[in-house]
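Report on one structure; see the data block that follows.
Residue numbers (the numbering used here): 110 to 894.
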């Protein structure tokens, strides 16, 4: 190629000469070279002019190349050239022929008229549907609470991004979505065979399905618990990440591995591994990027605003190594201007292969590019207030095809500037944005570029191919998924957006492939929970709490908030006097409203379901049946004491009326063999516990809670899946535990960890969740053998 084809870009900082060679693609001597030219591109269909070339056939794959070019940078008085070599930009597969042309489908990258396409005889069309191979048909067996490792094989290439979505007919999975065909299944309490299903989806939307059979042996007959130990603070009203969150990033290593940067630490979380935390060195670290290719140790990049530099660390190769270790490589020198000097770095991004580091320098209004080993390469971007220029750059992202996207928050012209090969390609206007564009993210699954507006909390989307605007995420005021002062946004490897919200005090996960408010999946922090009154636990460890504002806040098993609903008032989803709540076996939430004498049923995301069950007079307590086949409503009026309700909210049966001192304010029901119900209650002074088998009178268990040993107030009674009953002694901060027969098994004090033991809930794996009213938190306790 001749140097005659010169093109002068807009103003750019002086760059070092890239050591690249301009050359045409070469074929080996024993392979025929077929050259064609792109004449037309319509959507995904590319027309090739094959001229007089013979040998073009349907099914062949052609590589599309752009021509090489040379630029002279103006700040060097035209003396320093920048070479953009000939480069493969796309790949097409021929599907139809006529005399002089061939029609092909675009299977990778992009193409444009007048580009040349060369036959690649060794290439196969990518994005073939995922395919599971050698799926194990042997049924794996585990006892209740035991975990099975599930590992499948997929025929896709190791570096191809594939998302795996899991579901199970019973038991619990460690992760709902993974980036590898691996997961863990925990056996449920009910013995039997279960099916684990997994769906693989690649970036082209093609799918494959597989199923694995697993078996639970159920709860052992001799199962017993010697005590409960606090294992974690499930919720304390704040974010699960200590301190102000600055950024998040994701790597291709492991399974759904995420890194969270806070003001003082770096947190590594992996779906199938324990959390690891490293303290940060001295500095003001604001941005984070991670790259980890298969077979590579990987690198971690931290932007330090104080030192105006990027520091490069190697990611840990094993779980025994700290997240940050060794001496880092420094990129960039402090300074007000010049190549490699970072005046005011505000964001960073990596090339798809992790070899190039793009640092957005708001001080010089440009992008500075470094190699990962520390060498400065080039700077690009034209300062100014006109189209395709940078006036107030605030965020950067890089797509899988290498295109660079920069958000400009100039109040007179908010836009995304798209760069290709260091040159501004076009501008995407953000006309509805009203404030700083604080985050950009490119998602290969939804094929879109996303921008978040800090002022309105809206997320705007553009198609990566056509650049047309897509649906906007703009939730209604007061919605749990609403964004307020978002400061950063990234896309992970399974198609989710992570938004650092509320000036770093909350992290929100969005699923762009959903519609409307359903983008929202979950968040940590950012939702007000006042004094907690009641707690309920679901079968898999999901939790719901009722606070003194009559609001219900629901959490997933990891402690992320998935919804908040309720409150005092009229209309659907509002309460008069919410008294208690339960999570059913299906994950639905039942709320007892004693003021309106009704039992309300909600979906797991807080949507009211069916008309409530009405006419429940003087209801005082609500609990799940021990086997989760239904609910027990405890009343103090009419002819019934307990009303048993199935999972659809329909009455099953009731117990006899209690009278006198046995008018119970607290109670629960266990289920024995052949659906034989046993009713457990506290007396009206909350000092004694009674046990009553079906159709028999209550029997006092002989343990007086109004003593120095037990305290004087029963806060709650909760059944377990193995038939034992836990009684919360609120004032003494103790747990009093009875087995199925009513025998006292043990008493444990938690005065150092639980201050004001108001209410408890149990999941299907023996864990207990308790409200600590003095600290307004939920503490998780796990069984001791």
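In this text, a Cβ means the ideal position worked out from N, Cα and C, and glycines have one as well.
Inset, instruction - Could you check the C-alpha separation between residue 502 and residue 412 for me, to the nearest Å? - result: Here residue 502 refers to the residue found at position 393 when the chain shown is read from its first residue. Here residue 412 refers to the residue found at position 303 when the chain shown is read from its first residue. Between the alpha carbons of residue 502 and residue 412 lies a gap of roughly 16 Å.
Inset, instruction - Return the CA-CA distance between residue 492 and residue 213, expressed in angstroms with no decimal places. - result: Taking the chain shown and counting its residues from 1, the one referred to as residue 492 is at position 383. Taking the chain shown and counting its residues from 1, the one referred to as residue 213 is at position 104. One Cα belongs to residue 492, the other to residue 213, and the distance between them is close to 40 Å.
Inset, instruction - For residue 799, write down the residues that DSSP places opposite it in a beta bridge. - result: If you number the chain shown from 1, residue 799 lands on position 690. Answer by DSSP bridge pairing, in chain order: 790 and 809.
Inset, instruction - Check whether the Cβ atoms of residue 265 and residue 297 lie closer than 8 Å to each other. - result: Looking up residue 265 in the chain shown gives position 156. Looking up residue 297 in the chain shown gives position 188. Going by C-beta atoms, residue 265 is not nearer than 8 Å to residue 297.
Legend entry - Closest residue to residue 389 among 396, 372, 609 and 399 (Cα-Cα distance): In the chain shown, residue 389 corresponds to position 280, counting from 1. If we check each option's Cα against that of residue 389, 372 comes out closest.
Inset, instruction - Leaving aside the five residues before and after residue 650 along the sequence, list all residues of the same chain whose C-beta is less than 6 Å from its C-beta, in chain order. - result: Here residue 650 refers to the residue found at position 541 when the chain shown is read from its first residue. When the five nearest sequence neighbours on each side are left out, the beta carbons in the same chain lying within less than 6 Å of the beta carbon of residue 650 are those of 666 and 872, in order along the chain.
Legend entry - Burial state of residue 376 (16 or more Cβ within 10 Å): In the chain shown, residue 376 corresponds to position 267, counting from 1. The residue is buried, with at least 16 neighbouring Cβ atoms inside 10 Å.
Inset, instruction - Look at the alpha carbon of residue 516 and the alpha carbon of residue 642, and state the distance between them as a whole number of angstroms. - result: Along the chain shown, one-based indexing puts residue 516 at 407. Along the chain shown, one-based indexing puts residue 642 at 533. Near 45 Å, if we compare the C-alpha coordinates of residue 642 and residue 516.
Legend entry - Closest Cα partner of residue 259 within the set 284, 283, 291 and 279: Numbered from 1 along the chain shown, position 150 holds the residue referred to as residue 259. Of all alpha-carbon atoms in 284, 283, 291 and 279, the one lying nearest the alpha-carbon of residue 259 is that of 291.
Inset, instruction - With DSSP as the reference, please indicate the residues paired to residue 882 in a beta bridge. - result: What you label residue 882 is simply residue 773 of the chain shown in a count that begins at 1. Paired residue(s): none; residue 882 is not in a bridge.
Legend entry - Proximity of residue 410 and residue 357 at Cβ, strictly below 8 Å: Taking the first residue of the chain shown as position 1, residue 410 is located at position 301. Taking the first residue of the chain shown as position 1, residue 357 is located at position 248. If you check the CB distance, residue 410 and residue 357 do not come in under 8 Å.
Legend entry - Secondary structure of residue 184, DSSP reduced to three states: Residue 184 sits at position 75 when you count from the first residue of the chain shown. At residue 184 the pLDDT is 44, less than 50, meaning the model places this residue with poor confidence; the figure from the coordinates comes in the next sentence. Here residue 184 sits in helix by DSSP.
Inset, instruction - Take residue 80 and list the residues in its own chain whose beta-carbon comes closer than 8 Å to its own, dropping the five residues that flank it on each side. - result: Residue 80 falls outside the range modelled here, since the chain spans only 110 to 894, and no answer is possible.
Inset, instruction - Whole angstroms is fine: what's the gap from residue 177's alpha carbon to residue 479's? - result: Position 68 of the chain shown, counting from 1, holds the residue named residue 177. Position 370 of the chain shown, counting from 1, holds the residue named residue 479. Spanning the two alpha carbons is a distance of roughly 22 Å.
Legend entry - Proximity to residue 280 [Cα-Cα], best of 223, 295 and 287: In the chain shown, residue 280 corresponds to position 171, counting from 1. When each option's Cα is compared against that of residue 280, the closest is 295.
Legend entry - Proximity of residue 913 and residue 510 at Cβ, strictly below 8 Å: With the chain running from 110 to 894 in the structure shown, residue 913 is simply not present.
Inset, instruction - Decide yes or no for the touch test of the stretch 732 to 746 against the stretch 307 to 322: beta carbon pairs closer than 8 Å, at least 3 of them. - result: Contact between the stretch 732 to 746 and the stretch 307 to 322 is absent, because fewer than three Cβ pairs lie under 8 Å.
Legend entry - C-alpha gap between residue 443 and residue 505, whole angstroms: Counting from 1 along the chain shown, the entry for residue 443 is found at position 334. Counting from 1 along the chain shown, the entry for residue 505 is found at position 396. Going by the C-alpha atoms only, they are around 20 Å apart.
Inset, instruction - Give me whichever residues DSSP pairs with residue 298 in a beta bridge. - result: For this step, residue 298 is matched to residue 189 along the chain shown. Residue 298 pairs with nothing; no bridge assigned.
Inset, instruction - Measure the alpha-carbon distance for residue 185 versus residue 455 and round it to whole angstroms. - result: Taking the first residue of the chain shown as position 1, residue 185 is located at position 76. Taking the first residue of the chain shown as position 1, residue 455 is located at position 346. At residue 185, the pLDDT of 45 sits below 50, so the modelled position is not reliable; the number obtained from the coordinates is stated separately. Cα to Cα, residue 185 sits roughly 26 Å from residue 455.
Legend entry - When 256, 253 and 261 are compared against residue 246, the one with the closest alpha-carbon: Indexing the chain shown from 1 puts residue 246 at position 137. Selected option, being the one with the closest Cα: 261.
Legend entry - residue 600 vs residue 606 beta-carbon contact at 8 Å: The sequence position of residue 600 within the chain shown is 491, counting from 1. The sequence position of residue 606 within the chain shown is 497, counting from 1. In contact: residue 600 and residue 606 (Cβ atoms closer than 8 Å).
Legend entry - residue 209 burial status per 10 Å Cβ neighbour count (16 or more: buried): The sequence position of residue 209 within the chain shown is 100, counting from 1. Label assigned to residue 209: exposed.
Legend entry - Secondary structure of residue 207, DSSP reduced to three states: By 1-based counting over the chain shown, the position of residue 207 is 98. In this structure, residue 207 counts as coil in the three-state DSSP scheme.
Legend entry - Rounded separation between residue 570 and residue 151 - CA only: Taking the first residue of the chain shown as position 1, residue 570 is located at position 461. Taking the first residue of the chain shown as position 1, residue 151 is located at position 42. Answer to the nearest angstrom: the Cα atoms are 22 Å apart.
Legend entry - Beta bridge counterpart(s) of residue 891 as assigned by DSSP: Taking the first residue of the chain shown as position 1, residue 891 is located at position 782. Partner(s): 338.
Legend entry - Limits of the beta strand (DSSP E) - the one that residue 510 falls within: The count along the chain shown starts at 1 and reaches residue 510 at position 401. Residue 510: not part of any beta strand (DSSP E); DSSP gives it neither H nor E.
Legend entry - Backbone CA spacing between residue 781 and residue 276 [nearest angstrom]: Start at 1 with the first residue of the chain shown, and residue 781 comes out as number 672. Start at 1 with the first residue of the chain shown, and residue 276 comes out as number 167. Approximately 29 Å between the Cα atoms of the pair.
Inset, instruction - Given a cut-off of 8 Å, decide if residue 595 and residue 635 are closer than it, judged by their beta-carbon atoms. - result: Here the question's residue 635 lines up with position 526 in the chain shown. Here the question's residue 595 lines up with position 486 in the chain shown. Not a contact, by the Cβ cut-off of 8 Å.
Inset, instruction - Determine the burial state of residue 858: buried for a count of at least 16 other Cβ atoms within 10 Å of its Cβ, exposed for fewer. - result: The residue you call residue 858 lines up with position 749 of the chain shown. Residue burial is scored here from C-beta neighbours: residue 858 has fewer than 16 other C-beta atoms within 10 angstroms and is therefore classed as exposed.
Inset, instruction - Enumerate in chain order the residues of its own chain whose CB-to-CB distance from residue 316 is below 8 Å, with the five nearest sequence positions on each side excluded. - result: One-based indexing of the chain shown puts residue 316 at position 207. Contacts found: 238, 239, 308, 309 and 310.
Inset, instruction - Please go through the stretch 810 to 879 and give each complete beta strand (DSSP E) segment of 3 or more residues, from N-terminal end onward. - result: Runs of the beta strand (DSSP E) lying entirely within the stretch 810 to 879 and spanning at least 3 residues, in chain order: 823 to 828, 834 to 838, 843 to 847, 853 to 858 and 866 to 871.
Inset, instruction - Pick out the complete beta strand (DSSP E) segments inside the stretch 306 to 333, 3 residues or longer, and give them in chain order. - result: DSSP runs (the beta strand (DSSP E)) wholly in the stretch 306 to 333: 316 to 325.
Inset, instruction - Report the rounded CA-to-CA distance for residue 560 versus residue 838, giving the unit in angstroms. - result: As a working mapping, residue 560 is identified with position 451 in the chain shown. As a working mapping, residue 838 is identified with position 729 in the chain shown. Between residue 560 and residue 838, the C-alpha separation is close to 51 Å.
Inset, instruction - Provide the residue span of the beta strand (DSSP E) that contains residue 643, from first to last. - result: The count along the chain shown starts at 1 and reaches residue 643 at position 534. Per DSSP, residue 643 belongs to the beta strand (DSSP E) from 641 to 646.
Legend entry - Where residue 130 falls, given that 16 or more other Cβ within 10 Å makes a residue buried: Within the chain shown, residue 130 is the residue found at index 21, counting from 1. Since pLDDT at residue 130 reaches only 30, below the 50 mark, its modelled position is unreliable, and the value read off the structure follows with that caveat. Its Cβ having fewer than 16 others within 10 Å, residue 130 is exposed.
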